[in-house]
Amino acid sequence: MKKKIGISIGILVIVLIVAGIITNYSDSARVTTGHEPKCCIKVVSNDGSKVTYWGLGYKVVRYVGVSPNEPYESNIGVKMGNWFMKYELPKADIIEIEYEGQIITITDIKDIGIIENILLNSKYNGEICNGINTHKIILNKDIYYIKESCKEIQKGDKQATISTEDLETINNIIFQNKTNEIKSIAESYTFTKTYNVVNVADSNDENYLYLTIRQFQDEKVKTVKVQRSLANTVEKENNYEFTFQYTNNIPEDNIESIFANTMLIAIKKTDKQGLEQVQDSIR
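Take a look at the structure:
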């Protein structure tokens, strides 16, 4: 009799595990694509601001903007995990990300929640690699660095591994916000100047290099600090076309003013000499 009961319990456990795997896979696909999970018990909080979907070994937590009856895709925060997962709305009002020489401000609550959960739920217990910091993220006054080459997030003197999917998610948020910022600018202007690079030197900040440059027919040399990602292949004693962008304030036509009042967006090597070099006027 006891043997039969044990076999029955074993079969039941196996059935529940298989059912949990199948329903988890199904609901994970739905949540990832922005649809409400189906194989769950739906529980609404007393104040109606939070909906929890309980599945076999997993749950989905969803925060709503108006009411739990609004369309699922209108949620202001959603996360899927195991039964013991804790998920709260982001505490930060904004996140600032320095990436490719630009500072992108993230204000959308969904984007903040996604980035915050990636950063806060990572386990920082490994040794820091020697890769270059590609992202600097400021969250609640804490600073995080991402090294794309090492696939790691650095916080203080420890690091955590970041998955390819999470890295792509952060980069997609950055790209979308950069696109929105560009759209919000009524009008921007670009121009190109050619400079001879006299010297290249490292900076104390591994994200930047110092370039000593000189313009054709100008004996003065100036040293400027530029993003390493733009100048990583720059070599001294070569000519390069520097492309700049600005919006409202028109810089003076000299190296100091140009680098102080515009955004450097590209550096390209050129074989053009003397008067053939590109030296755009500034409107």
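Per my numbering, the very first residue in the sequence shown carries number 152; after that it's consecutive.
Glycine included, every Cβ here is placed at the ideal spot set by N, Cα and C.
- Relative to the alpha-carbon of K423, which residue among R434, N272, N389 has its alpha-carbon at the smallest distance? To locate residue 423, count along the sequence shown from 1; it is residue 272. For the residues R434, N272, N389, the minimum Cα distance to K423 belongs to N389.
- Does the region 307-324 come within contact of the region 341-360, defined as at least 3 CB pairs closer than 8 Å? no
- List the endpoints of the continuous alpha helix (DSSP H) containing I269. Against the sequence shown, residue 269 aligns to sequence position 118. That run of the alpha helix (DSSP H) goes 260-271.
- Message: Looking at the strands, I want to know which residues DSSP matches up with N389.
- Response: Locating residue 389 in the sequence shown gives position 238, counting from the first residue. In the DSSP output, where bridge partners are listed per residue, N389 has V348.
- Give the secondary structure of Y209 by DSSP, where H, G and I count as helix, E and B as strand, and everything else as coil. Taking the first residue of the sequence shown as position 1, residue 209 is located at position 58. Reduced to three states, the DSSP call for Y209 is strand.
- Message: If you follow the beta strand (DSSP E) that R365 is in, where does it begin and where does it stop?
- Response: To locate residue 365, count along the sequence shown from 1; it is residue 214. 359-365 is the span of the beta strand (DSSP E), which, as asked, contains R365.
- Query: Is it the case that the Cβ atoms of T363 and V377 are separated by a distance below 8 Å?
  - Reply: For the purposes of this step, residue 363 is taken as residue 212 along the sequence shown, with counting starting at 1. For the purposes of this step, residue 377 is taken as residue 226 along the sequence shown, with counting starting at 1. Not a contact, by the Cβ cut-off of 8 Å.
- Message: Residues in the same chain with beta-carbon distance under 8 Å from D178, minus the five sequence neighbours each way, listed in chain order, please.
- Response: The residue you call residue 178 lines up with position 27 of the sequence shown. Non-local beta-carbon contacts of D178 in its own chain, meaning distances under 8 Å to residues more than five positions away in sequence, involve P188, K189, C190, C191, Y204, G206, Y209, V211, M231 in chain order.
- Item | Exposure of D317, with buried meaning 16 or more beta-carbon neighbours within 10 Å | What you label residue 317 is simply residue 166 of the sequence shown in a count that begins at 1. By the 10 Å Cβ count, D317 comes out buried.
- Task: Return the Cβ separation of D262 and I324 in integer angstroms, given the expectation that the two are a contact with Cβ distance under 8 Å.
- Result: Along the sequence shown, read from residue 1 onward, the residue named residue 262 stands at position 111. Along the sequence shown, read from residue 1 onward, the residue named residue 324 stands at position 173. With a beta-carbon spacing of about 5 Å, D262 and I324 fall inside the 8 Å limit used to define contacts.
- Item | C-beta contact flag for E392 and K419 at 8 Å | Here residue 392 refers to the residue found at position 241 when the sequence shown is read from its first residue. Here residue 419 refers to the residue found at position 268 when the sequence shown is read from its first residue. It is a contact, given that the beta carbons lie within the stated cut-off.
- Per DSSP, which residues does Y204 bridge with? Please list them. The sequence position of residue 204 within the sequence shown is 53, counting from 1. Y204 pairs with K193, V211.
- On the three-state DSSP scale, how would you describe Q430? Position 279 of the sequence shown, counted from the first residue, corresponds to residue 430. Strand at Q430.
- Query: In terms of residues, what are the limits of the beta strand (DSSP E) holding E247?
  - Reply: Counted from its first residue, the sequence shown places residue 247 at position 96. Note, E247: beta strand (DSSP E), 246-250.
- Query: To the nearest angstrom, how far is it from the Cα of I294 to the Cα of N400?
  - Reply: Working through the sequence shown from its first residue, we reach residue 294 at position 143. Working through the sequence shown from its first residue, we reach residue 400 at position 249. Their backbone Cα atoms lie some 31 Å apart in a straight line.
- Message: For R213, which residues in the same chain have their Cβ closer than 6 Å to its Cβ, ignoring the five residues on either side in sequence?
- Response: On the sequence shown, residue 213 is found 62 positions in, with the first residue counted as 1. The answer, listed in chain order, is V202, N226, V229.
- Quick one: what's Q327 bridged to in DSSP? Along the sequence shown, one-based indexing puts residue 327 at 176. None, per the DSSP bridge assignment.
- Message: So for I436, helix, strand or coil by DSSP?
- Response: An answer regarding residue 436 cannot be provided, because it is not within the stretch 152 to 434 covered by the chain.
- Three-state secondary structure (DSSP) at F410? The residue given as residue 410 occupies position 259 in the sequence shown. F410 falls in the helix class under three-state DSSP.
- Message: Does G264 pass the burial test, meaning 16 or more other C-beta atoms within 10 Å, or should it be called exposed?
- Response: Residue mapping note: residue 264 aligns to position 113 of the sequence shown, counting from 1. Taking every protein chain shown into account, the CB of G264 has 16 or more other CB atoms within 10 angstroms, so this residue is buried.
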